[in-house]
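Each residue of the sequence shown is one higher than the one before, counting from 274 in the numbering used here.
Glycine residues also receive a C-beta, built at the ideal position from the N, C-alpha and C atoms.
Beneath this line is the structure, given in structure tokens, with notes to follow.
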Amino acid sequence: MSATTSTAVAAGSTGAPARAGTQIRLTDVVKDYGLAVPAVAGVSLTIEPGEFMTLLGPSGSGKTTTLNLIAGFETLTSGTIAFNGEDVSTLPPHKRDLGMLFQNYALFPHMTVAQNVAYPLRERKVPKPEIARRVAEVLELVQLTGRDDNVPSQLSGGQQQRVALARAIVFGPKALLLDEPLGALDRNLRGALQAEIQRIHREVGSTFVFVTHDQEEAMSLSDRIALFNNGRIEQVGSPETLYRAPETLFTARFLGDSNVFELADAPGATAGWGGQRWDLDPRTVAERARATGRAALVVRPEDVHVAEPGDVVPPGANAVPATVTDVQYLGSYRTVVLSYGAGDVVGRARVDASGTGVAVGQPVVAWWRVDRQRVVAR
Ligand code: ADP
Ligand code: MG
Numbered sequence: 274m275s276a277t278t279s280t281a282v283a284a285g286s287t288g289a290p291a292r293a294g295t296q297i298r299l300t301d302v303v304k305d306y307g308l309a310v311p312a313v314a315g316v317s318l319t320i321e322p323g324e325f326m327t328l329l330g331p332s333g334s335g336k337t338t339t340l341n342l343i344a345g346f347e348t349l350t351s352g353t354i355a356f357n358g359e360d361v362s363t364l365p366p367h368k369r370d371l372g373m374l375f376q377n378y379a380l381f382p383h384m385t386v387a388q389n390v391a392y393p394l395r396e397r398k399v400p401k402p403e404i405a406r407r408v409a410e411v412l413e414l415v416q417l418t419g420r421d422d423n424v425p426s427q428l429s430g431g432q433q434q435r436v437a438l439a440r441a442i443v444f445g446p447k448a449l450l451l452d453e454p455l456g457a458l459d460r461n462l463r464g465a466l467q468a469e470i471q472r473i474h475r476e477v478g479s480t481f482v483f484v485t486h487d488q489e490e491a492m493s494l495s496d497r498i499a500l501f502n503n504g505r506i507e508q509v510g511s512p513e514t515l516y517r518a519p520e521t522l523f524t525a526r527f528l529g530d531s532n533v534f535e536l537a538d539a540p541g542a543t544a545g546w547g548g549q550r551w552d553l554d555p556r557t558v559a560e561r562a563r564a565t566g567r568a569a570l571v572v573r574p575e576d577v578h579v580a581e582p583g584d585v586v587p588p589g590a591n592a593v594p595a596t597v598t599d600v601q602y603l604g605s606y607r608t609v610v611l612s613y614g615a616g617d618v619v620g621r622a623r624v625d626a627s628g629t630g631v632a633v634g635q636p637v638v639a640w641w642r643v644d645r646q647r648v649v650a651r
């Protein structure tokens, strides 16, 4: 699809030129249903124009409530929400001009694909020839050209979700809000639609706010991720930042696998764990860990090396004795499952499949470079 066509798709409902995207700013947002903990307990977040922002977190962490507050389906207990600097906190949903996509397609079953997609344009009193043109363009964008006259029941689940996506973007919304839109689809179809959503985001250039509890999905799609925990944002950053530089143990555990050593004392120049004394590179100590003093040292499996006892550990590395409890062959690499110290901490090392073997039960030394560890708050 050419840039000209996608610009037309993103054009505003007034026929104004395409918006580059809308900035969405949440300031001290609270939603309290009167439960023990507010559903959203003080969230501040700026989503930049054209950004693909994912709200990630476990079930019940406040992602959907936050999205519904942005959409205006729920009222704020306190705090403000602004679009491009304009306060929309009390604006009803239809005046916020947002596209929405949910897990269940919510298509009109008796309407054709074309009628479903045209619906938001008819509501906005867009002239008929303009409607026909925009519906054709957006159906091309979601690769459903030629299916105009089908009704939803004649389409697969993935196709129905693409119709819903077309309907959500056809009027050039200020932003597209997506709440677990791929949750009902099987694994293969999910992957295909993730790629579609990413391509459409690039072509339309509008702000996307995407909710998921699936860390892999969040990592593969997002410019940035806001990680939710108990109604608060634990950390915001690029997928790489959250993976490489987690601030908290929650973040380290939620995104990928970690070897976790809960430190006995506040992090200083060194840290103690299970009779070991380790060097700390100040650059690898998260500010929150420094501030709270309750810290854990985490190392990703791909950064852990496994050596024989007595092998020389290189300078600038920390080491700990371990026992191999399992070796898992995973094709291109192996995972060595390790039990550290007195044995109550289990960890993993990812090693090259072609490397020399280690046997279950074997005592080893696990080591990692000091600059690959991360000291986080716990
Ligand atoms: P998530 O989307 O991250 O799974 P939600 O935003 O749906 O989480 O829910 C956050 C918390 O708010 C949960 O404890 C949930 O039970 C509660 N909650 C959500 N909606 C309502 C509501 N309408 N009334 C009362 N409690 C609600
Ligand atoms: Mg939800």
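- If only complete runs of 4 or more residues are kept, the stretch 500–543 shows the alpha helix (DSSP H) at 512–517, 522–527, in order along the chain.
- The stretch 451–467 and the stretch 302–320 do not touch, with fewer than 3 CB-CB distances between them shorter than 8 Å.
- Relative to Gln471, the option among Asp421, Val415, Gly510, Leu458 whose CA is nearest is Val415.
- Contact annotation: Leu412 and Ala437 have beta-carbon atoms that are not nearer than 7 Å.
- For Tyr378, the three-state secondary structure derived from DSSP is coil.
- Judged by the Cβ position, Lys368 fails to qualify as a neighbour of the ligand ADP at the 6 Å threshold, every heavy atom of the ligand being at least this far.
- Annotation: Leu329 to Gln488 spans about 7 Å, alpha carbon to alpha carbon.
- Remark: the C-beta of Thr337 is in contact range of the ligand MG, defined as less than 6 Å to any heavy atom.
- Taking one beta carbon from each stretch, the stretch 509–527 and the stretch 346–353 have fewer than 3 pairs nearer than 8 Å; the two do not touch.
- By a beta-carbon distance limit of 8 Å, Val609 contacts Val631. Their separation comes to about 6 Å.
- By the Cβ-count criterion, Lys336 is buried, with 16 or more other Cβ atoms from all chains shown falling within 10 Å of its own Cβ.
- Inter-residue distance for Ala312 and Ala580 is about 47 Å (C-alpha atoms, whole angstroms).
- Per DSSP, the beta bridge partners of Gln549 are Trp546.
- Under the three-state reduction of DSSP output, Gly604 falls in the coil class, being neither helix nor strand.
- Three or more beta-carbon pairs separated by less than 8 Å are not found between the stretch 360–378 and the stretch 399–410, which leaves the two stretches without contact.
- In this structure, Thr543 places its C-beta atom within 7 Å of the C-beta atom of Asp552.
- With a threshold of 16 other beta carbon atoms within 10 Å, Arg647 meets it and is buried.
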